[in-house]
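S.K.: Residue numbers (my numbering): 233 to 898. C-beta: ideal position from N, C-alpha, C; glycine also.
Structure representation (structure tokens):
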């Protein structure tokens, strides 16, 4: 019994010792964890998350991680394992701020250094054309952009795509008038392509001769060569909802003095299209160029008409069965069965500029700017608001354009006592509002499906056709009306091509136009601080980075805030401003909430539903109903379509209205 008691006492004593040892060990661990927690909270070392990640990944103990953190705080150790997001932040700061800003971010914020950033940058430098572009200039840029990882992604089809639908877009950006030597090609840049020739820098005499041509000794003599005041930029944009793919990629940079004639400019556009088709085919990238996009600039408009409005769509075309039944749809196409497209933001701005300068005529009702102001004031809008949206000097403000057009389509019928003239004017404004809303809503209402977008555009096309047949140029200038109809026509053609090539994918019409290219112009202007102006060489160097910046910002839209004046608001079905799910401030394919699946779209049904919805609109039916019925009664033999409202193609008529050239000011 005594021995048993002694064994129990020894067991308890040993158990107590073991417990004490375990407590000391746990206490030590807790102490280490507390010290690690306090060290992390001190913030002495940057990128504590990366230090923890590296330590845990390598199986280190808390004590070893604490030692690693203390070394990092003393600048002895620098973690070199970066996440994809940190690499993207580093690339963004490098491209926008330059090498010095990137180096500062490396030291201050612990972002990747220049060696790693250059290794992760996959966008090669672009080559600017020293004179009128030749195929070799464009081929080099295309091969540099599409031969690497991006080309592999396209060749793989992105997982779901059979044939890539491609938009070739063109726009200009103002550049500084100065000559620059391009070390990549040994050519002098900064001359206009209209009068200059490719000049290699071999001797001083080469420069002297060029300067004499730019600045003749006789002051009254016109220079034989001019400085380039703008750079014409051609880019390729793929119609895809994939963030990695849909950014515009510049392939052409060429200086211009704005004296180029339409036929010569058409040669430039045709050259770009030919080279894109040739290079994509050689690189085994399955593709189809579906449209040529531009803003409303008159010279390029003439060139696009000569290239894209030449002959009827052949019955052998794969999209002919989808489009041949659309009454009043213009089926004229050009080489490669291409259509022209006009940027919708430019169209909206030009609509506002027309209304604030001369007003419009709806059937027999004249709506001057003063009449429009009177009705807005009568609907409760303040004088300050009306002065703002009618400000004549803000012709490029997209937000003001949206506000004016929205205010017009928000007007309601007059209730109560009012003069007959006032009621007639209000009725005409309501009809105008239906046209404007049908035109804008497909681009700003993120809840619309693709079928609903097409129905709205059908409404705009049919109502616009009726209004132009009644008032012709008093309704809208011929060029503006034609650009609107070309824009609608191009949407239907692009949807038809997408249904043929990728019937189970999606299409986002917000990717049409030149906005993807113009957004890169904005990036160029914000690079390297206050140096917003660029010459031709600087632009070619910066354009290399803009593609990368645009791709990063599409992946992380919450990092960016686009300029307010260039940003269209986005609304829900009721027209109320809404918030996008990805916290971005501009609409993108990722933020579009409506169903854009092509398999659910029937073009004929959408086109007819637009006309039916228009005829059932009780607010305008009393005035527009008879005209709609008269339009519907016309047969196919009448020659009337959306580009020939009176039976003759508008684009073939001379532009004798001063407002037909208004977009040259853009």
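What does the alpha-carbon distance come out to for the pair residue 344 and residue 770?
M.R.: Walking along the chain shown from the start, residue 344 turns up at place 112. Walking along the chain shown from the start, residue 770 turns up at place 538. If you take the alpha carbons of residue 344 and residue 770, they lie about 25 Å apart.
S.K.: Just to confirm, is the Cβ distance from residue 842 to residue 525 under 8 Å?
M.R.: Residue mapping note: residue 842 aligns to position 610 of the chain shown, counting from 1. Residue mapping note: residue 525 aligns to position 293 of the chain shown, counting from 1. For residue 842 and residue 525, no; Cβs fall outside 8 Å.
S.K.: With DSSP as the reference, label residue 363 as helix, strand or coil.
M.R.: As a first step, residue 363 is located in the chain shown; it is residue number 131 there, counting from the start. Looking at residue 363 - three-state DSSP - the assignment turns out to be coil, as it is neither helix nor strand.
S.K.: For residue 346, which residues in the same chain have their Cβ closer than 8 Å to its Cβ, ignoring the five residues on either side in sequence?
M.R.: Taking the first residue of the chain shown as position 1, residue 346 is located at position 114. The residues are 326, 331, 334, 335, 338.
S.K.: Report the three-state DSSP secondary structure of residue 525 (helix, strand or coil).
M.R.: The residue labelled residue 525 in the question sits at position 293 within the chain shown. In this structure, residue 525 counts as strand in the three-state DSSP scheme.
S.K.: Between which two residues does the alpha helix (DSSP H) holding residue 594 run?
M.R.: Working through the chain shown from its first residue, we reach residue 594 at position 362. Unbroken run through residue 594 is the beta strand (DSSP E), 592–594; no alpha helix (DSSP H).
S.K.: Restricting to Cα atoms, I'd like to know which of 574, 640, 782, 848 is closest to residue 721.
M.R.: Numbered from its first residue, the chain shown carries residue 721 at position 489. Looking at the Cα atoms, 574 is the closest of the given residues.
S.K.: Of all the CB atoms in chain C, is at least one closer than 8 Å to the CB of residue 572?
M.R.: Here there is only one protein chain, and chain C is not present.
S.K.: Quick one: is residue 655 buried, meaning 16 or more other Cβ sit within 10 Å of its Cβ, or exposed?
M.R.: The residue you call residue 655 lines up with position 423 of the chain shown. Exposed: under 16 other Cβ atoms inside 10 Å.
S.K.: Starting from residue 597 and walking both ways along the beta strand (DSSP E), at which residues does that stretch end?
M.R.: Here residue 597 refers to the residue found at position 365 of the chain shown. Where residue 597 is concerned, the enclosing beta strand (DSSP E) stretches over 597–599.
S.K.: Within its chain, find whatever has a CB closer than 6 Å to the CB of residue 595; leave out the 5 residues flanking it on each side and keep chain order.
M.R.: Along the chain shown, read from residue 1 onward, the residue named residue 595 stands at position 363. For residue 595, where only same-chain residues beyond five positions count, the Cβ hits under 6 Å are 702.
S.K.: Hey, how far is the Cα of residue 670 from the Cα of residue 568?
M.R.: Counting from 1 along the chain shown, the entry for residue 670 is found at position 438. Counting from 1 along the chain shown, the entry for residue 568 is found at position 336. Rounded to the nearest angstrom, the two C-alpha atoms are 30 Å apart.
S.K.: Of all the alpha helix (DSSP H) runs that stay within the bounds of the region 525–566, which reach a length of 4 or more residues?
M.R.: The qualifying runs are 530–540, 552–555.
S.K.: Assuming contact is defined by CB atoms lying nearer than 8 Å, are residue 383 and residue 564 in contact in what I supplied?
M.R.: Within the chain shown, residue 383 is the residue found at index 151, counting from 1. Within the chain shown, residue 564 is the residue found at index 332, counting from 1. Contact: no.
S.K.: How is the alpha helix (DSSP H) around residue 512 delimited, first residue to last?
M.R.: Residue 512 sits at position 280 when you count from the first residue of the chain shown. Looking at the DSSP string, the run of the alpha helix (DSSP H) that includes residue 512 is 494–514.
S.K.: Using a Cβ distance threshold of 8 Å, determine whether the region 728–744 contacts the region 373–383, with at least three qualifying pairs required.
M.R.: No: the two stretches stay apart, fewer than three of their Cβ pairs being nearer than 8 Å.
S.K.: By alpha-carbon positions, which one of 466, 560, 255, 348 ends up nearest to residue 876?
M.R.: As a position in the chain shown, residue 876 is number 644, starting the count at 1. That would be 560, whose Cα lies nearest to the Cα of residue 876.
S.K.: Considering only residues of the same chain and omitting the five flanking positions on each side of residue 756, which have a CB-CB separation below 6 Å?
M.R.: Within the chain shown, numbered from 1, the residue matching residue 756 stands at position 524. Excluding sequence neighbours, residue 756 sits near 774, 778.
S.K.: Could you pull out every residue in the same chain whose Cβ sits closer than 7 Å to the Cβ of residue 234, ignoring the five residues on either side in sequence?
M.R.: For the purposes of this step, residue 234 is taken as the residue at position 2 of the chain shown. None.
S.K.: For residue 486, which residues from the same chain have a beta carbon less than 6 Å from its beta carbon, with the 5 sequence-adjacent residues on both sides left out?
M.R.: Indexing the chain shown from 1 puts residue 486 at position 254. For residue 486, where only same-chain residues beyond five positions count, the Cβ hits under 6 Å are 361, 365, 425, 464.
S.K.: Just curious, the beta strand (DSSP E) that residue 486 is in, first and last residue?
M.R.: Locating residue 486 in the chain shown gives position 254, counting from the first residue. First-last of the beta strand (DSSP E) with residue 486: 481–488.
S.K.: For residue 658, which option in 442, 321, 643 has the closest C-alpha, if you only look at C-alpha atoms?
M.R.: For the purposes of this step, residue 658 is taken as the residue at position 426 of the chain shown. Among 442, 321, 643, the Cα nearest to that of residue 658 is on 643.
S.K.: Quick check on residue 248: buried or exposed, where buried means 16 or more other Cβ atoms within 10 Å of its Cβ?
M.R.: Taking the chain shown and counting its residues from 1, the one referred to as residue 248 is at position 16. Residue 248 is exposed by the Cβ-count criterion.
S.K.: Quick one, are the C-beta atoms of residue 434 and residue 729 less than 8 Å apart?
M.R.: Residue numbering aside, residue 434 sits at position 202 when the chain shown is read from its first letter. Residue numbering aside, residue 729 sits at position 497 when the chain shown is read from its first letter. Not a contact, by the Cβ cut-off of 8 Å.
S.K.: Quick check on residue 674: buried or exposed, where buried means 16 or more other Cβ atoms within 10 Å of its Cβ?
M.R.: Locating residue 674 in the chain shown gives position 442, where the first residue counts as 1. It counts as buried.
S.K.: Less than 6 Å between C-beta atoms, sequence neighbours within five positions excluded: which residues of the same chain meet that for residue 829?
M.R.: Here residue 829 is taken as the residue at index 597 of the chain shown, counted from 1. 738, listed in sequence order.
S.K.: How big is the Cα-Cα spacing for residue 607 and residue 588?
M.R.: One-based indexing of the chain shown puts residue 607 at position 375. One-based indexing of the chain shown puts residue 588 at position 356. Near 14 Å, if we compare the C-alpha coordinates of residue 588 and residue 607.
S.K.: Give the straight-line distance between the Cα atoms of residue 521 and residue 395, rounded to the nearest whole angstrom.
M.R.: As a working note, residue 521 is residue 289 in the chain shown. As a working note, residue 395 is residue 163 in the chain shown. Going by the C-alpha atoms only, they are around 10 Å apart.
S.K.: Measuring straight from C-alpha to C-alpha, what distance separates residue 870 and residue 855?
M.R.: Sequence index remark: in the chain shown, residue 870 carries index 638 (1-based). Sequence index remark: in the chain shown, residue 855 carries index 623 (1-based). Roughly 24 Å between the two C-alpha positions.
S.K.: In the structure shown, what three-state DSSP assignment does residue 809 receive?
M.R.: Taking the chain shown and counting its residues from 1, the one referred to as residue 809 is at position 577. If DSSP states are grouped into helix, strand and coil, residue 809 belongs with the strands.
S.K.: Please go through the region 312–373 and give each complete alpha helix (DSSP H) segment of 4 or more residues, from N-terminal end onward.
M.R.: Runs found: 316–341, 346–352.
S.K.: For residue 488, I'd like the list of residues in its chain whose CB is within less than 8 Å of its CB, leaving aside the five on either flank, ordered along the chain.
M.R.: Mapped onto the chain shown, residue 488 falls at position 256. So the list reads 404, 424, 425, 426, 460, 461, 462, 463, 464, once near-sequence residues are dropped.
S.K.: I'd like to know whether the C-beta atoms of residue 851 and residue 698 end up nearer to each other than 8 Å.
M.R.: Numbered from 1 along the chain shown, position 619 holds the residue referred to as residue 851. Numbered from 1 along the chain shown, position 466 holds the residue referred to as residue 698. For residue 851 and residue 698, no; Cβs fall outside 8 Å.
S.K.: Tell me the rounded alpha-carbon separation between residue 831 and residue 633.
M.R.: As a position in the chain shown, residue 831 is number 599, starting the count at 1. As a position in the chain shown, residue 633 is number 401, starting the count at 1. Approximately 34 Å, taken between the alpha carbons.
S.K.: Rounded to a whole number of angstroms, what is the C-alpha to C-alpha distance between residue 672 and residue 408?
M.R.: Taking the first residue of the chain shown as position 1, residue 672 is located at position 440. Taking the first residue of the chain shown as position 1, residue 408 is located at position 176. When rounded, the distance between both Cα atoms is 35 Å.
S.K.: Is residue 808 buried or exposed, if buried means 16 or more other CB atoms sit within 10 Å of its CB?
M.R.: Here the question's residue 808 lines up with position 576 in the chain shown. Residue 808 comes out exposed.
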